[in-house]
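Asker: All residue numbers for the sequence shown refer to this note's numbering, where the first residue is 562 and numbers rise by one.
Following this message is one structure expressed as structure tokens.
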Amino acid sequence: PRTKQEVALLIETASCGNLLPKYKSAWYSFGFVCTTNEEDERRLAGLYAVLIGETYTPESFHELQNALETCNLAILFDTKGYGNFRELSTHLETFLVAPREQRPTVWRLKQFIHDADSTDPPACLQRDYGFKYCKQRDEVMCLKFIYSKMLEKMEVMELHSACVHGRLYETAIRMGVSIRTKDERLMKNDYPSPFIGFDNTSGLENYRKPLFKKQQK
């Protein structure tokens, strides 16, 4: 299963003192997406390395995988005496204890922005952040740039709120982000759909196919 692969990748990287690549699903699943700088990212990786131990066992592997699958990573940190994980991000605990469908898609957006070369937005971002309106890959890059500038000026949950209330463009303008007139059409989503803003599978029927017919090389 995917979670087993994610745990294996975490162990492989964290035990060597390395960081997970930002485009990997494990970087998202283990909450690295909630950190705001490399220092905190390394501290979180260090905590996971301690959880894993110098000589990890099949039991510790299963313990970590089970905690990931049941949204109990925060409990595992506390049980092992590492409640200081909360110092790394005000959102980390909330992220780790939430089932996937309750996590705001702004975290998927943040990961997509970090995956600098990717122009293939996942379905939830097509629905929630206007990527469905991109007719060319350079428009995807443009939209990613706009959101990166917004996140420099505002808190991540403020952007999530703008998404849920269908006010992406208005919020960008209010925050002083420069947007070309021709790009205004990109900053719309499926509001007032009750499904937008969260990492669920509802309302994604129209976004299952790739945004572009020709796949990115």
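Even glycine gets a Cβ: it sits at the ideal position worked out from N, Cα and C.
Treat the numbers as computed from the prediction; the structure is a model and nothing was measured.
1) Mind checking who residue 665 pairs with in its DSSP beta bridge?
2) Around the Cβ of residue 687, are there at least 16 other Cβ atoms within 10 angstroms (buried) or fewer (exposed)?
3) Hey, residue 712 and residue 671 are a contact pair by Cβ (cut 8 Å); roughly how many whole angstroms apart?
4) Whose C-beta lies closer than 7 Å to the C-beta of residue 609 among residues of the same chain, with five residues either side of it excluded?
5) Rounded to whole angstroms, what is the Cα-Cα separation between residue 756 and residue 593?
6) Rounded to whole angstroms, what is the Cα-Cα separation between residue 707 and residue 681?
7) Given this structure, state the Cα-to-Cα distance separating residue 628 from residue 743, to the nearest angstrom.
8) For residue 760, I'd like the list of residues in its chain whose CB is within less than 7 Å of its CB, leaving aside the five on either flank, ordered along the chain.
9) Which word fits residue 569, buried or exposed, when buried means at least 16 other C-beta atoms lie within 10 angstroms of its C-beta?
10) Measure the Cβ-Cβ separation of residue 729 and residue 695 and say whether it is below 8 Å.
11) What does a CB cutoff of less than 6 Å around residue 727 pick up in its chain, not counting 5 residues either side in sequence?
12) Can you check the segment 647–701 for any alpha helix (DSSP H) of at least 4 residues that lies completely inside it and give the ranges in chain order?
13) Taking the alpha-carbon of residue 702 as reference, which of 675, 723 and 719 has the nearest alpha-carbon?
Answerer: According to the data block:
1) Start at 1 with the first residue of the sequence shown, and residue 665 comes out as number 104. BP columns for residue 665 point to 759.
2) Counting from 1 along the sequence shown, the entry for residue 687 is found at position 126. Residue 687 comes out buried.
3) Position 151 of the sequence shown holds residue 712. Position 110 of the sequence shown holds residue 671. About 7 Å; that satisfies the 8 Å criterion.
4) As a position in the sequence shown, residue 609 is number 48, starting the count at 1. Counting only Cβ-Cβ distances below 7 Å, and skipping sequence neighbours, we find 571, 575 and 591.
5) On the sequence shown, residue 756 is found 195 positions in, with the first residue counted as 1. On the sequence shown, residue 593 is found 32 positions in, with the first residue counted as 1. Roughly 25 Å between the two C-alpha positions.
6) Reading the sequence shown from its first residue, position 146 is the one you call residue 707. Reading the sequence shown from its first residue, position 120 is the one you call residue 681. Each residue's Cα considered, the two are about 16 Å apart.
7) One-based indexing of the sequence shown puts residue 628 at position 67. One-based indexing of the sequence shown puts residue 743 at position 182. The alpha-carbon atoms of residue 628 and residue 743 are separated by roughly 46 Å.
8) Here residue 760 refers to the residue found at position 199 when the sequence shown is read from its first residue. Answer for residue 760: 661, 662, 664, 666, 669 and 685, listed in chain order.
9) What you label residue 569 is simply residue 8 of the sequence shown in a count that begins at 1. Here residue 569 is exposed, its C-beta having fewer than 16 other C-beta atoms within 10 Å.
10) As a first step, residue 729 is located in the sequence shown; it is residue number 168 there, counting from the start. As a first step, residue 695 is located in the sequence shown; it is residue number 134 there, counting from the start. In this structure, residue 695 does not lie closer than 8 Å to residue 729 by Cβ.
11) As a first step, residue 727 must be located in the sequence shown, where it is residue number 166. Cβ within range, chain order: 752.
12) 653–658, 667–675 and 684–689
13) Working through the sequence shown from its first residue, we reach residue 702 at position 141. Residue 702 has its Cα closest to that of 675, out of 675, 723 and 719.
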